[in-house]
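> Numbering (my numbering), first residue to last: 89 to 675. Handing you a structure now.
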Amino acid sequence: MNLSKINFVIILILYGILFSGSTNSQTYTKITDPDNPVVNEMLESGGGFWVDLNNDGWLDLFVANGNLTSQNNSLFINNRNGGFFKVQSGPVVTDGGSSIGGAFADYNNDGKSDLFVTNRNFFKNFLYTGNGDSSFTKIMTGSIVKDSANSNSGHWLDIDRDGDLDLFIVNFQGNDFLYLNNGQPAFDFTKIDTASFLLDGNAFSINAVWSDYNNDRLPDLFIGNAGNQNDNLLRNNGNLTFNKTVIADGKSTLGGSWGDYNNDGNQDLFAANFLDQNNILYRNSGPPLYELTALNTGIVSNDGGSSVGSCWGDIDNDGDLDIFVCNDDLQNNFLYLNNGAPDYDFTKISGGSVVNDGGNSFGCVFGDYNNDGALDLFVANRLNQKNFLYVNNSNSNNWIGIKCNGVISSKSAIGTKVRIKAQINGLPVWQLREIQSQSGYNSGNLILNFGLGNAAVIDSMKIEWLSGTTSVFTNLQVNRYITVSEDGNITSVKDQSINPDFFELKQNYPNPFNPTTIITYQCSSVSDVSLKVYDVLGNELTTLVNETQSAGSYSVTFDGSNFPSGVFFYKLQAGESAETKRMVLLK
């Protein structure tokens with residue numbers, strides 16, 4: 089080899105050594121398309137929420153605006169081609185308010201996404217019921233939309249585990265709010281004023297995050313307090329009472345995120361601290377005490393900034409959770425990659441626009457909006473700046489995305505935990521995800537994403553529903569999105585989006601009923617159809633349909649004269665598709 093070739097090789101080697109870190113860290117590409125409205129608005133954005141509004145299998149995006157002044161909120165529909173179009177009409181995007189965050193969930197269990205929006209500066213909060221597309225109906229009555237406060241975040245959860253979602257609201261410098269869902273038929277709410285956890289020690293609360301950190305299927309609460317106040321951890325006793333632990337950190341905590349970063353089956357906690365203070369990563373000790381221990385070593389807990397939002401996500405699909413952190417005051421945001429077993433420590437990423445853009449960033453949330461299995465990222469900026477959208481450049485690692493539909497549990501299945509086991513690099517690895525209404529700072533996504541590394545199959549999947557039931561599946565395919573129902577059925581989201589009209593089961597009418605009700609369903613091809621009724625214990629009571637039927641709409645009458653008052657379930661099976669709904673007999 090001549091001298092010039094040797095010099096050339098040396099240059100290449102040196103280039104690789106010097107720049108391999110930044111090259112490998114370029115996990116994301118910033119979206120700057122002038123035709124993409126998500127990244128071209130300049131408003132006071134507080135947080136974002138990924139949600140599939142029209143059930144087409146593609147994530148849409150809601151952004152809350154108006155942190156300091158009255159502004160309209162934004163709703164963007166996925167065009168399935170890497171971009172979005174903005175919704176221009178309807179109350180969600182024309183109401184105006186001092187909005188800081190929004191939370192989606194199906195609080196009336198009709199299969200459509202509803203929306204609650206928190207407003208600061210003593211604006212009234214907003215509640216909308218979804219119509220199954222990009223349109224909503226605004227709720228005008230009830231204390232939820234009549235109460236005024238300096239509301240900072242809202243959280244859907246089934247705090248009493250009765251199968252419908254309640255609402256918890258964090259108010260800054262005032263008592264927090266809790267509204268219990270009264271369920272069928274009206275799905276209206278009763279305000280709770282007397283619970284001590286709403287009143288005690290949260291005067292400087294900015295945000296909260298719910299998670300069952302002690303694995304007893306009761307949602308527990310972490311409340312971050314600003315102004316160098318101590319934070320509070322409240323363990324749920326199951327009767328609207330909580331045991332409080334004061335976390336004596338004495339910092340200005342503006343946000344937090346629960347996630348099992350070390351794959352031990354227990355939810356750990358990241359707390360984001362403002363005022364250029366170090367953030368804190370808390371490790372959950374697990375049973376029997378489930379103590380949260382602050383980790384004082386490692387980059388995640390020793391990297392000060394004006395941090396607000398955060399989100400856990402396996403961005404490289406290698407089987408462990410990484411974390412992204414938003415910073416205010418024109419500081420760069422943080423991205424830490426999990427190094428995995430055995431230590432599960434982190435490496436800070438220094439290269440790429442995702443950590444070098446700077447901004448006044450508040451909320452952030454991962455979501456796979458282009459359906460390639462890799463988590464993309466939205467970041468909300470609060471001072472009339474353009475928001476950030478980054479697409480994940482992806483890799484060859486395997487993955488799975490999971491949506492859960494409750495039957496006895498709430499339809500949105502908030503509070504449900506999914507645990508999966510797969511052989512990654514020849515070793516068995518268990519991972520945990522929990523469906524949470526919000527995480528970080530006023531942001532959320534109800535779809536669960538798992539990275540699987542080189543695992544070719546999921547050995548086991550265990551779903552712990554908030555109702556107390558457990559579903560177990562084995563030998564699942566990878567690299568796809570699935571919907572899992574509490575009745576035990578798995579449906580491919582891809583198959584649904586290809587032919588969404590193949591199968592539809594509607595809510596019975598009237599409901600509640602006495603003694604008869606009508607059940608309507610539709611199939612768009614010839615199918616073997618069965619329609620059966622079950623009690624709350626899963627016992628089959630009667631078969632209404634069991635035959636091959638042509639494409640079309642059908643109505644069947646169920647007569648409950650021979651059954652006592654109570655909750656019943658009816659399940660439609662058409663070919664390989666199935667769905668279950670709940671009905672109430674009142675005599």
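We treat Cβ as the ideally placed atom computed from N, Cα and C, and that holds for glycine. Predicted model only: the values in this text are computed from it and were never measured.
Counting C-beta neighbours from all protein chains within 10 Å, is the total for residue 522 16 or more, i.e. buried, or is it exposed?
Residue 522 is buried by the Cβ-count criterion.
> Three-state secondary structure (DSSP) at residue 285?
Three-state DSSP puts residue 285 in a helix.
> Going by the beta-carbon positions, is the gap between residue 188 and residue 219 smaller than 8 Å?
Cβ atoms of residue 188 and residue 219: not closer than 8 Å.
> Could you give the DSSP three-state label for residue 109: helix, strand or coil?
With a pLDDT of 35 at residue 109, under the threshold of 50, the modelled position of this residue cannot be trusted, and the question is left open.
> Run the CB neighbour count on residue 549, radius 10 Å, all protein chains shown included, and call it buried at 16 or more, exposed below.
Buried is the call here.
> With DSSP collapsed to three states, give me the class of residue 586.
Residue confidence is low: residue 586 scores 32 on pLDDT, short of 50, so the model does not pin down where it sits. Its coordinate-derived value is still stated next. Residue 586: helix per DSSP, three-state reduction.
> With contact counted as at least three CB pairs below 8 Å, one residue from each stretch, are the region 455-471 and the region 371-383 in contact?
No: the two stretches stay apart, fewer than three of their Cβ pairs being nearer than 8 Å.
> Assuming residue 453 is part of the alpha helix (DSSP H), what are its boundary residues?
From DSSP, residue 453 is part of no alpha helix (DSSP H) but of the beta strand (DSSP E) over 449-455.
> DSSP on residue 442, reduced to helix/strand/coil?
In the structure shown, residue 442 sits in a helix (DSSP, three-state: H, G or I).
> For residue 614 and residue 621, I'd like the C-alpha separation in whole angstroms.
So the two alpha carbons sit approximately 22 Å from each other.
> For residue 105, I'd like the list of residues in its chain whose CB is within less than 7 Å of its CB, leaving aside the five on either flank, ordered along the chain.
The predicted position of residue 105 is uncertain, since its pLDDT is 31 and thus under 50; no value can be drawn from it.
> In terms of alpha-carbon separation, which member of 335, 409 and 402 lies closest to residue 349?
Out of 335, 409 and 402, 409 has the C-alpha closest to the C-alpha of residue 349.
> Would you identify the three-state DSSP class for residue 545, choosing helix, strand or coil?
Note: residue 545 maps to coil in three-state DSSP.
> Considering residue 186, what are the terminal residues of the beta strand (DSSP E) in which it resides?
Taken as a continuous stretch (DSSP letters only), residue 186 belongs to no beta strand (DSSP E), as it is neither H nor E.
> Go through its chain and collect everything with a Cβ distance to residue 596's Cβ below 6 Å, but skip five positions before and after it.
If we look at residue 596 and ignore the five residues flanking it on each side, its Cβ neighbours are 605, 607 and 671.
> From residue 173 to residue 645, what does the alpha carbon distance come to, in whole angstroms?
Spanning the two alpha carbons is a distance of roughly 42 Å.
> So what's residue 122 in DSSP terms, helix, strand or just coil?
It is coil, neither helix nor strand.
> Taking the alpha carbon of residue 304 as the reference point, which residue from 269, 504, 422 and 163 has its own alpha carbon closest?
The shortest Cα separation from residue 304 among 269, 504, 422 and 163 belongs to 504.
> May I have the straight-line CA-CA distance separating residue 332 from residue 298, to the nearest angstrom?
Computed Cα separation, rounded: 14 Å.
> Take the Cβ of residue 532 as the centre, count every other Cβ of all protein chains shown within 10 Å, and call the residue buried at 16 or more, exposed below.
It counts as buried.
> What did DSSP end up calling residue 516 once you bin it into helix, strand or coil?
It is a strand residue.
> What does the alpha-carbon distance come out to for the pair residue 632 and residue 640?
So the two alpha carbons sit approximately 17 Å from each other.
> Could you have a look at residue 234 and say whether DSSP puts it in helix, strand or coil?
If DSSP states are grouped into helix, strand and coil, residue 234 belongs with the helices.
> Taking only runs that begin and end inside the region 310-339, name each unbroken beta strand (DSSP E) of 3 or more residues, in chain order.
Counting only runs of 3 or more, we get 317-324 and 330-339.
> Using CA coordinates, which residue listed in 253, 393 and 509 is at the minimum distance from residue 278?
Comparing Cα-Cα distances from residue 278 to each of 253, 393 and 509, the minimum goes to 253.
> Compare the beta carbon distance of residue 367 and residue 395 with 8 Å and say whether it is the shorter of the two.
Going by C-beta atoms, residue 367 is nearer than 8 Å to residue 395.
> With 16 other CB atoms within 10 Å as the buried threshold, where does residue 544 fall?
Exposed.
> Can you tell which of 369, 478, 267 and 402 has the C-alpha that lies nearest to the C-alpha of residue 204?
Answer by Cα proximity: 267.
> Is residue 644 helix, strand or coil when you go by DSSP?
Three-state result, residue 644: strand.
> State the DSSP-derived secondary structure class of residue 387, mapped to helix, strand or coil.
Here residue 387 sits in helix by DSSP.
> Given residue 317, which residues of its chain have a CB within under 7 Å of its CB, disregarding the five upstream and five downstream residues?
292.
> Going by beta carbon distance, what residues of the same chain come within less than 6 Å of residue 163, once the five residues before and after it are set aside?
Within the same chain, residue 163 has close Cβ partners 150, 175, 180 and 181.
> From residue 134 to residue 269, what does the alpha carbon distance come to, in whole angstroms?
Spanning the two alpha carbons is a distance of roughly 27 Å.
> May I have the straight-line CA-CA distance separating residue 296 from residue 213, to the nearest angstrom?
The straight-line gap from Cα to Cα measures roughly 17 Å.
> In this structure, what does DSSP give as the bridge partners for residue 174?
Residue 174 is bridged to 164.
> Roughly how far, in whole angstroms, is the beta-carbon of residue 454 from the beta-carbon of residue 470, given that I think they are within contact range, below 8 Å?
That pair is no contact at about 19 Å.
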